[in-house]
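Residue numbers (our numbering): 699 to 862.
Here it is in structure tokens:
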């Protein structure tokens with residue numbers, strides 16, 4: 699049992715380290731652009747396209763002179779769309795909405811169901827009163843047995859003293 703807990707603990711530590719490394723790679727400041735810089739680059743015509751996430755708060759910007767997309771945080775989608783309306787109508791800028799991935803949609807439906815299933819498994823398997831050790835609701839189920847009166851006197855002094 700102790701080896702199993704140590705193994706699970708080791709895998710959890712490895713998973714946490716992996717997630718931290720992955721998040722530090724993805725949150726690279728070279729891949730980000732400030733909102734004010736984004737608006738100024740749109741006004742000067744340095745932005746080729748803007749792809750807005752479905753939440754309306756994150757945009758991926760493709761600059762004309764850069765091959766990598768940069769991430770920008772948009773505080774208000776309506777004011778952003780009003781400020782880039784002229785560039786969109788003239789054809790200088792293409793603004794699209796990035797569709798939500800199928801995996802994210804699927805996870806949003808599966809997660810509550812999985813939590814309920816795990817809760818039910820926990821309740822039925824781990825809190826089952828019929829399993830050993832849990833005696834909270836076991837009154838009336840005594841393991842004591844009745845002895846005959848004749849069985850009471852079967853032990854003799856010879857049995858106790860071990861004399862032969």
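Note that the Cβ used here is the ideal one computed from N, Cα and C, for glycine as well.
Are the beta-carbon atoms of residue i and residue j separated by less than 8 Å?
i, j, result
"residue 769", "residue 756", "yes"
"residue 743", "residue 795", "no"
"residue 761", "residue 745", "yes"
"residue 740", "residue 785", "yes"
"residue 793", "residue 750", "yes"
Report all residues from its chain with a CB closer than 8 Å to the CB of residue i; omit the five preceding and five following residues, and keep chain order.
i, result
"residue 815", "none"
"residue 702", "none"
"residue 819", "none"
Residue i and residue j look like a contact to me (Cβ under 8 Å); what is the Cβ gap, rounded to whole Å?
i, j, result
"residue 737", "residue 781", "6 Å"
"residue 772", "residue 733", "6 Å"
"residue 754", "residue 775", "4 Å"
Should residue i be labelled buried (16 or more other beta-carbon atoms within 10 Å of its own) or exposed?
i, result
"residue 759", "buried"
"residue 778", "buried"
"residue 731", "buried"
Between residue i and the rest of its own chain, which residues show a CB-CB distance below 7 Å, the 5 nearest in sequence each way excluded?
i, result
"residue 729", "766, 768, 769"
So residue i is in the alpha helix (DSSP H); what residue range does that whole segment cover?
i, result
"residue 815", "800-819"
"residue 737", "733-742"
How far does the beta strand (DSSP E) with residue i in it reach, from first residue to last?
i, result
"residue 792", "792-795"
"residue 767", "767-771"
"residue 756", "756-761"
"residue 745", "745-750"
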